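Remarks on the structure that follows.
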Amino acid sequence: MLDIVVTGGLAVLPSGPQLADIGIQGETIAAIGAPGSLAALGPGRVVDAAGQIVIPGGIDPHVHCNWPMPVPDGEAKLTEPASRVSQAALFGGTTTTIDFAPVEGGMTVQQAIEHRQQQWAGQCYGDYAFHTMLLGKLSPEIYGQVAEAVQAGHPSVKIFTTDITPSRKGRMVQFGDIWEVLKVLAKAGGIAAIHAEDNDLVMHMYEKLMREQRTGFENMAEVHTTLSEDLSFNRVIRLASNVEGAALYMMHTSAATGVRAIAAARANGVPIYGETLHQYLMYNSEDYKKPNGQIYHTYPSLKFPEDQAALWEATNHGAIQTVATDEICCPLRIKLQGRRIDDTTGGNAGVQPRVSLIYTETVEKRGYGLNHFVELVSTNAAKIMGLYPRKGALAVGSDADIVLLDTRQRHIVRAADMHEADYSPWEGRDLAAWPSLTMLRGKVMVENGALKGALTDGKFLPRKVPDEIRARPAV
Ligand SMILES: [Zn+2]
């Protein structure tokens with residue numbers, strides 16, 4: 064007997080969208096059948112999805128919770144915890160988020176992961192995982208720990224090629240150390256998640272603009288340049304191409320130069336994948352000049368209209384496989400505290416509207432197929448990050464993470480109606496869809512705007528990246 068049947072909706076199955084019933088038993092999808100065919104199996108509950116689109120839960124592969132935020136002339140404050148971000152995510156149809164476990168303060172990789180596990184345990188509505196984050200000068204014993212972490216279900220490792228701003232020294236990993244990490248990951252079965260900018264160019268531009276007293280954040284694209292993305296992406300790719308089995312996931316690709324670098328590498332068979340952020344697709348450096356222009360910023364920086372065009376084109380089965388948020392959830396007051404190129408905080412609020420926003424921009428405005436949209440917000444992240452087919456698919460045996468997207472009426476984004484921050488960079492956006500129901504492993508978590516889930520419902524997800532993903536550009 065089935066516990067729940069979602070009936071009559073347009074289900075976006077791996078084979079394509081079709082009207083179908085989805086039967087759920089316990090935490091997983093147990094059956095998929097023709098419309099009306101599963102109700103006879105005596106389900107505990109029937110969810111009427113007629114007129115709605117049924118998709119696998121969204122996956123945001125790039126969020127930051129409980130994250131120290133450098134505040135000008137003050138102590139670093141922590142951003143909102145997983146409890147808040149995961150709730151907002153579920154309301155927006157995202158059931159899985161991947162955060163970071165920074166290895167710092169003399170911790171081992173294992174201690175860093177354990178530390179984050181403790182912060183999340185019983186404090187997250189949705190399912191979650193962590194990218195291990197390596198920072199600064201790496202000590203030799205870290206490589207063995209990384210290999211061990213990959214085996215234990217943490218296959219992705221975040222690395223910065225830059226300190227980002229002069230005040231954040233200690234993030235950049237030296238190139239030789241990156242080389243060693245790539246070798247370890249190639250052998251152990253991992254994937255490197257790279258924040259790639261050319262540190263020399265970035266720091267040169269900080270010095271230059273400070274000398275010229277052009278320190279307002281609206282100049283950010285002059286500091287975090289398209290040329291920097293060009294040099295750094297290509298340098299990392301060249302390094303990885305010389306390590307047999309090294310796979311790359313380029314985080315928050317922001318420029319046409321980055322797109323071109325990824326595309327060229329993929330054409331040569333390098334296992335490399337591109338992530339962009341919805342900010343980079345939807346805003347450019349002119350938006351810094353709007354009132355409270357910091358709310359559109361995240362590092363590296365917003366770029367130019369031609370970069371947006373290249374990024375959009377790359378989402379059409381090109382160099383970009385995932386659209387993430389780089390979520391940093393904090394009040395507007397904090398987001399606006401920095402006003403300079405060197406102290407404006409990165410990250411953004413957006414995990415809640417992401418799925419509906421990308422639906423609107425891809426399916427409605429650009430005519431993408433439903434599968435294509437689902438790939439960008441869920442399936443591709445699941446595949447690249449080693450969660451597929453448990454996550455990212457409406458398929459028998461997959462977790463019953465199911466979202467009903469209601470396209471029968473439009474939805475205007477209002478921060479006040481959401482569960483995220485007291486502002487939204489997406490305020491006033493007119494969206495073609497909004498989730499009416501979000502289910503996590505067979506449990507209805509959000510229904511018609513009401514939270515039904517508990518903080519204990521979210522579970523840690525051990526991951527394993529398939530060989531196919533690490534061998535060639537497989538998605
Ligand atoms: Zn980030």
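Residues 64 to 538 (this note's numbering) make up the sequence shown, in order. Think of the CB as a built atom: it goes at the ideal place given N, C-alpha and C, for glycine as much as any other residue. On a predicted model such as this, the values are computed, not experimentally measured, just so you know.
Task: 9 Å Cβ cutoff met for PRO218 and LEU198 - done: On the sequence shown, position 155 is the one that residue 218 refers to. On the sequence shown, position 135 is the one that residue 198 refers to. Not closer than 9 Å, so no.
Open item on the list: Quick check: what's the CA-CA separation for THR339 versus PRO165?
Closed with: For the purposes of this step, residue 339 is taken as residue 276 along the sequence shown, with counting starting at 1. For the purposes of this step, residue 165 is taken as residue 102 along the sequence shown, with counting starting at 1. Distance between the alpha carbons of THR339 and PRO165: 21 Å.
Open item on the list: Among the candidates ILE92, LEU65 and MET64, whose CA atom is the shortest distance from the CA of ALA456?
Closed with: Mapped onto the sequence shown, residue 456 falls at position 393. Per the Cα distances, ILE92.
Task: Beta-bridge pairing of GLY121 - partner residues as DSSP gives them - done: Within the sequence shown, residue 121 is the residue found at index 58, counting from 1. Answer is THR157.
TODO: Have a look at the DSSP bridge pairing and note the partners of ILE404.
DONE: In the sequence shown, the residue the question calls residue 404 occupies position 341. The partner list for ILE404 (beta bridge, DSSP) is empty, contrary to what the question assumes.
Task: Any non-hydrogen atom of ligand 1 within 8 Å of GLY321 CB - done: In the sequence shown, counting from the first residue as 1, residue 321 sits at position 258. The answer is no for GLY321.
Task: Proximity below 9 Å, CB of THR225 to CB of ASN262 - done: Locating residue 225 in the sequence shown gives position 162, where the first residue counts as 1. Locating residue 262 in the sequence shown gives position 199, where the first residue counts as 1. Less than 9 Å separates the beta-carbon of THR225 from that of ASN262.
Open item on the list: Below 8 Å, is the gap between the Cβ of MET235 and the nearest heavy atom of ligand 1?
Closed with: As a position in the sequence shown, residue 235 is number 172, starting the count at 1. No.
Open item on the list: Closer than 8 Å to a non-hydrogen atom of ligand 1 - does that hold for the CB of HIS125?
Closed with: Stepping through the sequence shown from its first residue, residue 125 is reached at position 62. Yes, since a heavy atom of ligand 1 falls inside the 8 Å radius drawn around the Cβ of HIS125.
Open item on the list: Is it buried or exposed, ARG535, if we count other Cβ atoms within 10 angstroms and call 16 or more buried?
Closed with: Position 472 of the sequence shown, counting from 1, holds the residue named residue 535. The residue in question, ARG535, is exposed, as its Cβ has fewer than 16 Cβ neighbours within 10 Å.
Task: 8 Å contact criterion, which ALA412 and PRO488 should meet: CB distance rounded - done: As a first step, residue 412 is located in the sequence shown; it is residue number 349 there, counting from the start. As a first step, residue 488 is located in the sequence shown; it is residue number 425 there, counting from the start. At roughly 7 Å, the Cβ-Cβ gap stays under 8 Å, so ALA412 and PRO488 are in contact.
TODO: Would you kindly report the start and end of the unbroken alpha helix (DSSP H) that includes GLY321?
DONE: For the purposes of this step, residue 321 is taken as the residue at position 258 of the sequence shown. 319-330 is the extent of the alpha helix (DSSP H) around GLY321.
TODO: Taking VAL507 as the reference, give the member of ASP480, MET345 and PHE154 with the closest Cα.
DONE: As a working mapping, residue 507 is identified with position 444 in the sequence shown. VAL507 has its Cα closest to that of PHE154, out of ASP480, MET345 and PHE154.
Task: TYR206 in three-state terms, based on DSSP - done: Here residue 206 corresponds to residue number 143 of the sequence shown, with the count starting at 1. Of the three classes helix, strand and coil, the one that applies to TYR206 here is helix, per DSSP.
Open item on the list: Classify SER230: buried if its beta carbon has 16 or more other beta carbons within 10 angstroms, exposed otherwise.
Closed with: Here residue 230 refers to the residue found at position 167 when the sequence shown is read from its first residue. That one is exposed.
- [ ] Run the CB neighbour count on ILE475, radius 10 Å, all protein chains shown included, and call it buried at 16 or more, exposed below.
- [x] Translated into positions along the sequence shown, residue 475 becomes position 412. Flag for ILE475 reads exposed.
TODO: Give a yes or no on contact between the region 327-344 and the region 263-279, applying the rule of three or more CB pairs nearer than 8 Å.
DONE: no
Open item on the list: At a threshold of 8 Å, does ASP263 count as lining ligand 1 (C-beta to nearest heavy atom)?
Closed with: Taking the sequence shown and counting its residues from 1, the one referred to as residue 263 is at position 200. No - ligand 1 has no heavy atom lying nearer than 8 Å to the Cβ of ASP263.
Task: For ASP293, three-class secondary structure by DSSP - done: Locating residue 293 in the sequence shown gives position 230, counting from the first residue. ASP293 falls in the helix class under three-state DSSP.
Task: alpha helix (DSSP H) segment containing VAL528, residue limits - done: Locating residue 528 in the sequence shown gives position 465, counting from the first residue. It is not in any alpha helix (DSSP H) - VAL528 carries neither H nor E in the DSSP assignment.
Task: 9 Å Cβ cutoff met for HIS482 and GLN174 - done: To locate residue 482, count along the sequence shown from 1; it is residue 419. To locate residue 174, count along the sequence shown from 1; it is residue 111. Not a contact, by the Cβ cut-off of 9 Å.
Task: Identity of the residues DSSP links to PHE193 by a beta bridge - done: Locating residue 193 in the sequence shown gives position 130, where the first residue counts as 1. In the DSSP output, where bridge partners are listed per residue, PHE193 has ASP162.
Open item on the list: Beta-carbon within less than 7 Å of SER100's beta-carbon, same chain only, minus the 5 sequence neighbours each way: which residues are those?
Closed with: If you number the sequence shown from 1, residue 100 lands on position 37. Excluding residues within five positions, the ones whose Cβ falls inside 7 Å are ASP84.
Open item on the list: Check this for me: beta carbons of TYR431 and ALA495, under 9 Å apart or not?
Closed with: Position 368 of the sequence shown holds residue 431. Position 432 of the sequence shown holds residue 495. Contact flag unset, no.
Task: Nearest to ILE118 (by Cα), restricted to the options THR470, ALA478, ARG526 and TYR343 - done: The sequence position of residue 118 within the sequence shown is 55, counting from 1. The option with the nearest alpha carbon to ILE118 is THR470.
Open item on the list: ligand 1 and MET313: does any heavy atom of the ligand fall closer than 8 Å to the residue's C-beta?
Closed with: Within the sequence shown, numbered from 1, the residue matching residue 313 stands at position 250. No, Cβ of MET313 sits at least 8 Å from all heavy atoms of ligand 1.
Task: ALA83 in three-state terms, based on DSSP - done: Residue mapping note: residue 83 aligns to position 20 of the sequence shown, counting from 1. Strand at ALA83.
TODO: Would you please state the rounded distance, in angstroms, between the beta carbons of LEU65 and GLN88? I believe it to be under 8 Å.
DONE: Numbered from 1 along the sequence shown, position 2 holds the residue referred to as residue 65. Numbered from 1 along the sequence shown, position 25 holds the residue referred to as residue 88. LEU65 to GLN88, Cβ: 6 Å. Contact.
- [ ] Sort out for me which residues DSSP pairs TRP497 with in a bridge.
- [x] Here residue 497 refers to the residue found at position 434 of the sequence shown. TRP497 is bridged to ASP469.
Task: Proximal residues to ALA303 (C-beta, below 6 Å), its chain only, five neighbours per side dropped - done: By 1-based counting over the sequence shown, the position of residue 303 is 240. By the criterion of a C-beta distance shorter than 6 Å, ALA303 is surrounded in its chain by LEU245, ALA309 and LEU311, once the five residues flanking it on both sides are discounted.
Task: In DSSP terms, what ALA387 is bridged to - done: Within the sequence shown, the letter at position 324 stands for residue 387. LEU340, per the DSSP bridge assignment.
Open item on the list: I'd like to confirm something about HIS341: is its beta-carbon nearer than 8 Å to some heavy atom of ligand 1, or not?
Closed with: Locating residue 341 in the sequence shown gives position 278, where the first residue counts as 1. Between ligand 1 and HIS341, a heavy atom-to-CB distance of less than 8 Å is absent.
Open item on the list: Quick check: is any heavy atom of ligand 1 less than 8 Å from the C-beta of ASP389?
Closed with: Here the question's residue 389 lines up with position 326 in the sequence shown. Yes.
- [ ] Name the residue from PRO98, ALA517 and PRO363 whose alpha carbon lies nearest to the alpha carbon of GLU292.
- [x] As a position in the sequence shown, residue 292 is number 229, starting the count at 1. Sorting PRO98, ALA517 and PRO363 by C-alpha distance to the C-alpha of GLU292 places PRO363 at the top.
- [ ] For the alpha helix (DSSP H) holding HIS258, just list the boundary residues, first then last.
- [x] Indexing the sequence shown from 1 puts residue 258 at position 195. First-last for HIS258: 254-258, but that is the beta strand (DSSP E), not the alpha helix (DSSP H).
Task: C-beta contact flag for GLY512 and LEU503 at 9 Å - done: Taking the first residue of the sequence shown as position 1, residue 512 is located at position 449. Taking the first residue of the sequence shown as position 1, residue 503 is located at position 440. Against a cut-off of 9 Å, the Cβ pair of LEU503 and GLY512 comes out as no contact.
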